[in-house]
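Keeping their order, the protein sequence lines are chains A and B. Take the first sequence: its position 235, counting from 1, is numbered 235 in the working numbering, and each next residue is one higher. Offset between the second sequence (1-based) and the working numbering: plus 1000.
2 protein chains.
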Amino acid sequence: MKLAILLLFLVISQLATSNGMDVHLLRPFSGVGDHPITGVSCTSWRFAVETNNLRGWLTVPSTCEKYVGNYMIGGYYRQDSAIVVSEAIKYAKALNSSGDSNNIWIFDIDETTLSNLPYYAQHGFGVEPYNATSFNAWVGKSMAPALPESLKLYEKLLSLGIKIIFLTGRSEDSREATSWNLKRVGYHTWEKLILRGAGDKSSAVVYKSAEREKLVKKGYKIVGNIGDQWSDILGSPEGNRTFKLPDPMYYLS
Amino acid sequence: MKLAILLLFLVISQLATSNGMDVHLLRPFSGVGDHPITGVSCTSWRFAVETNNLRGWLTVPSTCEKYVGNYMIGGYYRQDSAIVVSEAIKYAKALNSSGDSNNIWIFDIDETTLSNLPYYAQHGFGVEPYNATSFNAWVGKSMAPALPESLKLYEKLLSLGIKIIFLTGRSEDSREATSWNLKRVGYHTWEKLILRGAGDKSSAVVYKSAEREKLVKKGYKIVGNIGDQWSDILGSPEGNRTFKLPDPMYYLS
């Protein structure tokens, strides 16, 4: 029976794709695993994550590994990002910002500006617990590609005269690797690149809110703020408008 | 070809359902309509709405009517609600709240406590512009069913000794119809039922934040706050923890 279903699915998805229809298979969550409730699909889990209903989770449920992998690698991650950036660009254009040199837009880096998908594809798309040593080795290679929709937003903001602030939870000792990575994939200029100080053990939301407060005190006006984590875009001062890019692979508080 | 695909889809979804798999058909967005961008699916539109990226929209794009209808009427709306309520109940239990008589949980009403799906199913699931006369006539009938997951949360909170505040954008002149509707579908008690005063033209977020401020000044502690709109759960004081139920049918600022 399962083989028949698989066969039918392969046939239909081939036909469907060639006719422009998307058929998206959900793997229902069986109840095995550490987080979602019995009988709830991975799509519902992802909805709960992206809407800030599910918080503080450490790993993607193991039964959702393929789901998250398909989402990230297939077209849906790009589409979800595209609609966010489309709104951000519409908003930015409507600001009529040119001439006001204090206007800034804050970008997080990981999964907002740069993509660590090559790393996460080797590490279960978030199913494996975070390994700092391994991740920092990846950061040090400066090989993360640009997120294409974010690069589009970045370029549009520069053309509108809005200054770019990169504000990241990456540590200060990765400044060189991070700068080089940004530049080699197209993020050629910025007003500031703010990284976390070595001794800073505060949560992401506390650290980033404090840095945004410093920027406001310096006279900048945060016209936009984009990130993949809720901790990137919550916490006063958030900025005049925030945008949340998708990220079902990990959660940072 | 399309008939063959439909037939195959019907067969596979029957087989899939009987084997516990969910197959969810996305209708790619063709570019016709007033809101989403060309080539972006209705699922991306829905996620952009639910994550507060898309704001101030007046109607569901016409090309997403069937998508939203299927979502609301099929199992996905219920699943997405279930995972939110599961988290809310887990959070509420962990509060160890019994004995503290000032703890309150705020519930919005429409699409949070009561379901207006019978009305919206007759009005394009949000594709039609809002018609106050027609909607108020529906409200006056007191026929809205309870949202089953929300009722579950309500009952759990009462058992934990947490008081219930209903805070709604419905106007004061619908108090009787609203009270009767709540009671007849199982919401048998509450600490307060707050409706919008006749002359109040403020936005939902301003009105609800102000009412929550009054509650805090009266000595209540908002341990939880649940709504289907971002305007239900944003604006200080939001409460110790907020939860957002799904609602791809309409947007209230």
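Glycine included, every Cβ here is placed at the ideal spot set by N, Cα and C. These figures come from a predicted structure and were not determined experimentally.
Contact with chain A is absent for Asn1225 of chain B, since none of that chain's Cβ atoms lies less than 9 Å from the residue's Cβ. Judged by DSSP secondary structure, Trp190 of chain A falls outside any beta strand (DSSP E); it is assigned neither H nor E. In summary, Tyr1130 of chain B is exposed, with fewer than 16 beta-carbon neighbours lying within 10 Å of its beta-carbon over all protein chains present. In this structure, Ile165 of chain A keeps its C-beta atom at 9 Å or more from the C-beta atom of Trp138 of chain A. Using a Cβ distance threshold of 9 Å, Ser209 of chain A and Pro237 of chain A count as a contacting pair. The C-beta separation of Lys221 of chain A from Asn103 of chain A comes to about 5 Å, placing the pair in contact by the 8 Å criterion. Against chain A, the CB of Phe1047 of chain B has a partner CB under 9 Å away; the residue lies at that interface. Beta-bridge annotation (DSSP): Asp1110 of chain B is paired with B:Leu1114. Taking 9 Å as the CB threshold, Val1205 of chain B stays off the interface with chain A. In this chain, the alpha helix (DSSP H) harbouring Gly1140 of chain B covers Ala1132 to Gly1140. In this chain, the alpha helix (DSSP H) harbouring Lys66 of chain A covers Glu65 to Ile73. Assignment of alpha helix (DSSP H) within the stretch 1202–1229 of chain B, counting only whole runs of 4 or more residues, yields 1204–1217 in chain order. Cβ neighbours of Arg46 of chain A within its own chain (closer than 6 Å, five residues either side excluded): Pro248. Nearest C-alpha to Met1072 of chain B among B:Leu1117, B:Lys1192, B:Phe1135 and B:Thr1063: B:Leu1117. Under the Cβ distance rule, Ile1083 of chain B counts among the residues neighbouring chain A, one pair being separated by less than 9 Å.
For Ile1233 of chain B, DSSP assigns no beta-bridge partner whatsoever. Scanning the stretch 1133–1184 of chain B from its first residue to its last, the whole beta strand (DSSP E) runs of 3-plus residues come out as 1163–1171. Taking 9 Å as the CB threshold, Asp1232 of chain B stays off the interface with chain A.
When 8 Å is used as the limit between beta carbons, Ser1044 of chain B is near these residues of chain A: Tyr76, Gln79, Asp80, Ala82 and Ile83, in chain order. Bounds of the beta strand (DSSP E) holding Thr1242 of chain B are Thr1242 to Lys1244. Against chain A, a Cβ distance below 7 Å from Leu1058 of chain B picks out nothing, because the smallest value is about 15 Å. Residues of chain A with a Cβ closer than 9 Å to the Cβ of Leu1054 of chain B are, in chain order, Ile83, Val84 and Glu87.
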